[in-house]
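Undergrad: Residue numbering for the sequence shown follows the UniProt record's numbering, beginning at 1 and increasing consecutively. Each residue gets a CB set at the ideal place from its N, CA and C atoms; glycine is no exception. Keep in mind that this is a model prediction, so the values were computed, not measured. Sharing a structure below in C-alpha cells format, with a few things to ask.
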Amino acid sequence: MHAVVHHHHPRHHRAPPHRRCSRGSVRAARASAATVPTTSAAAAAADSPSAAFWDYNLLFRSQRAECRDPVALRVAEGAIPPDFPAGTYYLAGPGMFADDHGSTVHPLDGHGYLRAFRFGGGGEGGARYSARYVETAAKREEHDAGGASWRFTHRGPFSVLQGGARVGNVKVMKNVANTSVLRWGGRVLCLWEGGEPYELHPRTLETLGPFDILGLGADGAAPDGSGSDAAAHHRRRRPWLQEAGIDVAGRLLRPVLGGVFRMPARRLLAHYKIDPDRNRLLMVACNAEDMLLPRSNFTFYEFDADFALVQKREFVVPDHLMIHDWAFTDSHYVLLGNRIKLDVPGSLLALTGTHPMIAALAVDPSRQSTPVYLLPRSPEAEAGGRDWSVPVEAPPQMWSVHVGNAFEEPDARGGTTVRLHMSGCSYQWFHFHRMFGYNWMNKKLDPAFMNVAKGREWLPRLVQVSIDLDKGGACRGCSVRRLSDQWTRPADFPAINPSFANRRNRFVYAGAASGSRRFLPFFPFDSVVKVDVSDGSARLWSAAGRKFVGEPVFVPTGGREEDDGYVLLVEYAVSDHRCHLVVLDARKIGESNAVVAKLEVPKHLTFPMGFHGFWADE
1 MHAVVHHHHP RHHRAPPHRR CSRGSVRAAR ASAATVPTTS AAAAAADSPS AAFWDYNLLF
61 RSQRAECRDP VALRVAEGAI PPDFPAGTYY LAGPGMFADD HGSTVHPLDG HGYLRAFRFG
121 GGGEGGARYS ARYVETAAKR EEHDAGGASW RFTHRGPFSV LQGGARVGNV KVMKNVANTS
181 VLRWGGRVLC LWEGGEPYEL HPRTLETLGP FDILGLGADG AAPDGSGSDA AAHHRRRRPW
241 LQEAGIDVAG RLLRPVLGGV FRMPARRLLA HYKIDPDRNR LLMVACNAED MLLPRSNFTF
301 YEFDADFALV QKREFVVPDH LMIHDWAFTD SHYVLLGNRI KLDVPGSLLA LTGTHPMIAA
361 LAVDPSRQST PVYLLPRSPE AEAGGRDWSV PVEAPPQMWS VHVGNAFEEP DARGGTTVRL
421 HMSGCSYQWF HFHRMFGYNW MNKKLDPAFM NVAKGREWLP RLVQVSIDLD KGGACRGCSV
481 RRLSDQWTRP ADFPAINPSF ANRRNRFVYA GAASGSRRFL PFFPFDSVVK VDVSDGSARL
541 WSAAGRKFVG EPVFVPTGGR EEDDGYVLLV EYAVSDHRCH LVVLDARKIG ESNAVVAKLE
601 VPKHLTFPMG FHGFWADE
C-alpha cells in the first residue's frame, strides 16, 4: 500500500526537499506549542508512511564515488579502546543500483562495493577507511571508466532492465561479487552466489582479477569423471530409468547454460566456513543444472592456510534444493534444504525479459518439514552405515537463511547430539524476486513486503535445531525451538565469537528489529540482540532515532570469557545521510554504556547497506 501512496515521487531515489516556513506559519507554530509539543510533531513525522518509504529507499541509494586513498575517521562518540586489536574489518555489499539510462536493479544485482576499516591496534592511530568497486567483467562493461556514466547491459538473476535490452538478452549471470568477503592465505576474496570469486589487494583494494579457487580453468568447465565414492553411493538408490533420464537432461542443459547463458559449470556458494581447530577454509559448490532438476550436486572443498586443497568430497542428493548458507561439525557437513520447483509460467515470462530470470523458480511448500542432510565429512564418518542421502526431517517447514554455529557432542547413551543455531523464515513469506520489496515496474523498493502483518511469525527468526543420533548414526529425534523465548521478534545474521566455531557456544549476536517504528516494525533492523543460549535470556542494544544497522561481527580480544571482545556493525543514519561504524562492548550489550566508540564516515562517502563482513587480525 505504501507504494501507492508514493507513486508520484521522482523515478530516482532522492530525499524530499526541506520546506521553508513563512513567518506566519512560524508564529502559528509558536502559538500552538503550548498545546502540541514540537517534539511530538517531529516524532509523528518521523514515524509516518512517507518517512518509512524514504528511509527505506535511501538505505539503498547508489554511491558512485570510491575512496582509494584511506581517510582517517572522526571519532564521533567515545574512544577506540586500548585493547582493541590491530586488524581490518571488510564489508561487502552492493554500491550501484541505478544507471544513467533508466534502469534500476534489485539490491542483489548491485555492483560489488568493498569497504575496509583498518585499525592500528591499542587505541593508537585511530581507524582509516577506504572503499572501491570490484572490477568484475560486468562492471567493466557497464561503467565508462573514462567518465562517470553507467549503462546496465546485464539483466542479472533478480532484475529487469528498463533502459537496456530485454527480449533476447541472455546476460543473466551477472557476477557482481557483492555478497561476502574473506581474507585467507594472504588473499582477499569477494564472493557472489553463482560465480568465481574476485581477488582484491588486501590494502589498496585494487581488483587483481578472478580467482580460480575450484580449478575449473578459464572456461569454467568441471573436470571429467563420475565423482567420488560418496556421489556414486547415492546413484545406486534411485531407480535406473529415472536416474538415466535426469542424467540425459543434465547433459542437454549444461551446454545451453554454459554456452548461451555463460553459467559456470559449478556454482560456488557465497557462504564459506572456517574451522579454527584444523585451521581450514571450507567451501561448497553446486552444479549449474541443479536449479532446474530434481537432483542436487554438492562438492565440498577444504583448504589449508596456504590455499592448498586438503580434501574434496562430492555428494548427490535426490532433492530439488536451493542452499544459501550451511554448517559443519567435526564429522558432518550440514545442509538445511530449501525445497524449490520449476515455475513454468514464470519461466516463459522470464524468457521474454519482462520478468527477472529468478521467476523461473518458486518455493515448494508441498512438504510440511525441513530436510536436514548430515553428509559425512570423512570416509571414517561415512563408515557408520547411516544412509546420508536420506535427510532428517525437522518437524516445522522452514526456509533456512543463515547459520551462526553448529557443533556435535557425545551423549550419555553413546550417541551424538548435533545442534545448530540459525535463522529461518516462512515459505509463506519468502518470494525470490520480491525480496527487499523490489518492483521492476516502478523502480522503487516497497518496504511493505518486508513489514507484513504476520512479520513476527513469517520473517527470519532465531532458532535452535537439535538432532539426536544413536551409536550407528540413525536419527532418534529432531526438534526445533526458538533460540530465546524472551526474543520473539524478527532477527537475522547470527554471529558468534569465531573462536567457538564448531564447539558449544553460549552467546549468539544478531541483527534485530526493536519494533519502535510503526511503519517499519520488522525490517530494516535497528538493533543488536545478544542471546544467552544457556538460559534463553536476551539483551538488546538499539540505535536511536531514524537509524538502521547491518550485520554484527564479533572481534575477540583473547580473554578467558566467550564474550570478551567487541561487536562491530555499521549504523545507517539515512535521514542525515550518514554512516557510522559502531563498536559495542559485547559484555555490556543491554546496558546504557554498551557503545564504546562511533566512527563517522565522511558524508560524501556515505554508502548503501552492506551484506556480509569479515574481521581479519593483522
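Considering just the uninterrupted stretch of the alpha helix (DSSP H) at K603, what are its terminal residues?
TA: For the purposes of this step, residue 603 is taken as residue 603 along the sequence shown, with counting starting at 1. Segment: none, K603 is in no alpha helix (DSSP H) and carries neither H nor E.
Undergrad: Taking the alpha carbon of G122 as the reference point, which residue from F84, F607, K603 and S159 has its own alpha carbon closest?
TA: Locating residue 122 in the sequence shown gives position 122, counting from the first residue. Ranking the options by Cα distance to G122, first place goes to F84.
Undergrad: What residues in its chain sit with their C-beta under 6 Å from that of S226, if we drop five residues either side in the sequence?
TA: The residue you call residue 226 lines up with position 226 of the sequence shown. Its pLDDT being 36, under 50, S226 is placed unreliably in this model, and the coordinates cannot settle the point.
Undergrad: Less than 8 Å between the beta carbons of V549 and L569, yes or no?
TA: The count along the sequence shown starts at 1 and reaches residue 549 at position 549. The count along the sequence shown starts at 1 and reaches residue 569 at position 569. Yes, the Cβ-Cβ distance between V549 and L569 is below 8 Å.
Undergrad: Cα-Cα, which of V392, R546 and M422 is closest to W399?
TA: Counting from one through the sequence shown, the residue named residue 399 turns up at place 399. Checked all of V392, R546 and M422; the closest Cα to W399 is M422.
Undergrad: How would you call H106, buried or exposed, if buried means at least 16 neighbouring beta carbons within 10 angstroms?
TA: Within the sequence shown, the letter at position 106 stands for residue 106. By the 10 Å Cβ count, H106 comes out buried.
Undergrad: On the DSSP bridge list, what partners appear for F53?
TA: Here residue 53 is taken as the residue at index 53 of the sequence shown, counted from 1. The partner list for F53 (beta bridge, DSSP) is empty, contrary to what the question assumes.
Undergrad: Hey, is the region 483-495 in contact with the region 506-517, meaning 3+ C-beta pairs nearer than 8 Å?
TA: Result yes; three or more Cβ-Cβ pairs closer than 8 Å.
Undergrad: Quick one: using the 10 Å Cβ neighbour count with 16 as the cut-off for buried, is E591 buried or exposed?
TA: Numbered from 1 along the sequence shown, position 591 holds the residue referred to as residue 591. Answer is exposed; the Cβ neighbour count stays below 16.
Undergrad: Any idea if P395 is buried or exposed, counting beta-carbon neighbours within 10 angstroms, 16 or more meaning buried?
TA: Counted from its first residue, the sequence shown places residue 395 at position 395. Per the 10 Å Cβ criterion, exposed.
Undergrad: To the nearest angstrom, how far is it from the Cα of G581 to the Cα of D325?
TA: Taking the sequence shown and counting its residues from 1, the one referred to as residue 581 is at position 581. Taking the sequence shown and counting its residues from 1, the one referred to as residue 325 is at position 325. Residue identity check: residue 581 is Leu in the sequence provided, not Gly. Whole-angstrom Cα-Cα distance: 26 Å.
Undergrad: Examine the Cβ distances between the region 446-461 and the region 409-429 and report whether three or more of them are shorter than 8 Å.
TA: Contact between the region 446-461 and the region 409-429 is present, because at least three Cβ pairs lie under 8 Å.
Undergrad: Label E141 either buried or exposed according to how many other C-beta atoms from any shown protein chain fall within 10 Å of its C-beta, with 16 as the threshold for buried.
TA: Position 141 of the sequence shown, counted from the first residue, corresponds to residue 141. Under this definition E141 is an exposed residue.
Undergrad: Curious, which full-length beta strand (DSSP E) runs of at least 3 residues does the region 507-563 contain?
TA: The region 507-563 contains these whole beta strand (DSSP E) runs: 507-512, 527-532, 537-542 and 553-556.
Undergrad: What span of residues does the beta strand (DSSP E) with L336 cover, start to end?
TA: Position 336 of the sequence shown holds residue 336. H332 to L336 is the span of the beta strand (DSSP E), which, as asked, contains L336.
Undergrad: From F300, H332, C425 and F211, pick the residue whose C-alpha is nearest to that of L182; which is it?
TA: Numbered from 1 along the sequence shown, position 182 holds the residue referred to as residue 182. Nearest option by C-alpha distance: F211.
Undergrad: How many angstroms separate the CA atom of Y89 from the CA atom of L348?
TA: Locating residue 89 in the sequence shown gives position 89, counting from the first residue. Locating residue 348 in the sequence shown gives position 348, counting from the first residue. Whole-angstrom Cα-Cα distance: 43 Å.
Undergrad: Alpha carbons only, please: which of R128, H143 and F298 is nearest the one belonging to P70?
TA: Within the sequence shown, the letter at position 70 stands for residue 70. For P70, the nearest C-alpha among the options comes from R128.
Undergrad: Taking H271 and A359 to be in contact with their CB atoms under 8 Å, please state how far apart those CB atoms are, rounded to whole angstroms.
TA: Taking the first residue of the sequence shown as 1, we reach residue 271 at position 271. Taking the first residue of the sequence shown as 1, we reach residue 359 at position 359. Not confirmed; about 24 Å, so no contact.
Undergrad: According to DSSP, is M322 helix, strand or coil?
TA: Reading the sequence shown from its first residue, position 322 is the one you call residue 322. Three-state DSSP puts M322 in a strand.
Undergrad: Going by beta-carbon coordinates alone, are A322 and I340 separated by less than 8 Å?
TA: Position 322 of the sequence shown holds residue 322. Position 340 of the sequence shown holds residue 340. Inspection of the sequence shows that residue 322 is occupied by Met rather than by Ala. Cβ distance < 8 Å, so M322 and I340 count as in contact.
Undergrad: Pick out whichever of L58, A72, R118 and R74 has its Cα sitting closest to the Cα of G95.
TA: Counting from one through the sequence shown, the residue named residue 95 turns up at place 95. When each option's Cα is compared against that of G95, the closest is L58.
Undergrad: Leaving out five residues on either side along the sequence, give the residues of the same chain with a beta carbon under 7 Å from the beta carbon of F614.
TA: As a first step, residue 614 is located in the sequence shown; it is residue number 614 there, counting from the start. Around F614: Y90, V181, L182 and R183.
Undergrad: Can you check whether the CB of L114 is closer than 8 Å to the CB of E600?
TA: For the purposes of this step, residue 600 is identified with residue 600 of the sequence shown, where counting begins at 1. For the purposes of this step, residue 114 is identified with residue 114 of the sequence shown, where counting begins at 1. Contact: no.
Undergrad: What did DSSP end up calling D585 once you bin it into helix, strand or coil?
TA: One-based indexing of the sequence shown puts residue 585 at position 585. Strand at D585.
Undergrad: Compute the beta-carbon to beta-carbon distance between L584 and Y566, rounded to the nearest angstrom, for a pair I have assumed lies under 8 Å.
TA: Taking the sequence shown and counting its residues from 1, one reaches residue 584 at position 584. Taking the sequence shown and counting its residues from 1, one reaches residue 566 at position 566. Sure, about 6 Å apart at Cβ, within 8 Å.
Undergrad: Between R68 and the rest of its own chain, which residues show a CB-CB distance below 8 Å, the 5 nearest in sequence each way excluded?
TA: Position 68 of the sequence shown, counting from 1, holds the residue named residue 68. So the list reads S130, R132, T204 and L205, once near-sequence residues are dropped.
Undergrad: When burial is assigned at 16 or more other CB atoms within 10 Å of the CB, is K471 buried or exposed?
TA: Walking along the sequence shown from the start, residue 471 turns up at place 471. By the 10 Å Cβ count, K471 comes out exposed.
Undergrad: Just to confirm the assignment, what range does the alpha helix (DSSP H) spanning E135 have?
TA: Your numbering for residue 135 matches position 135 in the sequence shown. Note, E135: premise wrong, no alpha helix (DSSP H); not H, not E.
Undergrad: Which word fits P521, buried or exposed, when buried means at least 16 other C-beta atoms lie within 10 angstroms of its C-beta?
TA: Stepping through the sequence shown from its first residue, residue 521 is reached at position 521. Its Cβ being crowded by 16 or more others within 10 Å, P521 is buried.
Undergrad: I need the DSSP call for F500, collapsed to helix, strand or coil.
TA: For the purposes of this step, residue 500 is taken as the residue at position 500 of the sequence shown. F500 falls in the helix class under three-state DSSP.
Undergrad: Can you give me the C-alpha to C-alpha distance between L420 and G194, rounded to a whole angstrom?
TA: Looking up residue 420 in the sequence shown gives position 420. Looking up residue 194 in the sequence shown gives position 194. If I take the Cα positions, the gap works out to 25 Å.
Undergrad: Taking only three categories from DSSP, how would you classify A448?
TA: As a position in the sequence shown, residue 448 is number 448, starting the count at 1. It is coil, neither helix nor strand.
Undergrad: If we ignore side chains and look at the alpha-carbon of each, how far apart do R23 and V403 end up?
TA: For this step, residue 23 is matched to residue 23 along the sequence shown. For this step, residue 403 is matched to residue 403 along the sequence shown. Caution is warranted here: a pLDDT of 34 is assigned to R23, below 50, making its placement in the model unreliable, and the coordinate value is therefore given only provisionally. Going by the C-alpha atoms only, they are around 57 Å apart.
Undergrad: Check each candidate in S331, H355, R546 and H320 and name the one with the smallest Cα separation from L342.
TA: The residue given as residue 342 occupies position 342 in the sequence shown. Measuring from the Cα of L342, the nearest candidate turns out to be H320.
Undergrad: Just to confirm my understanding: we take A79, look at its own chain, exclude 5 residues before and 5 after, and list those with CB closer than 8 Å. What are they?
TA: Sequence index remark: in the sequence shown, residue 79 carries index 79 (1-based). The residues are G123, V596 and A597.
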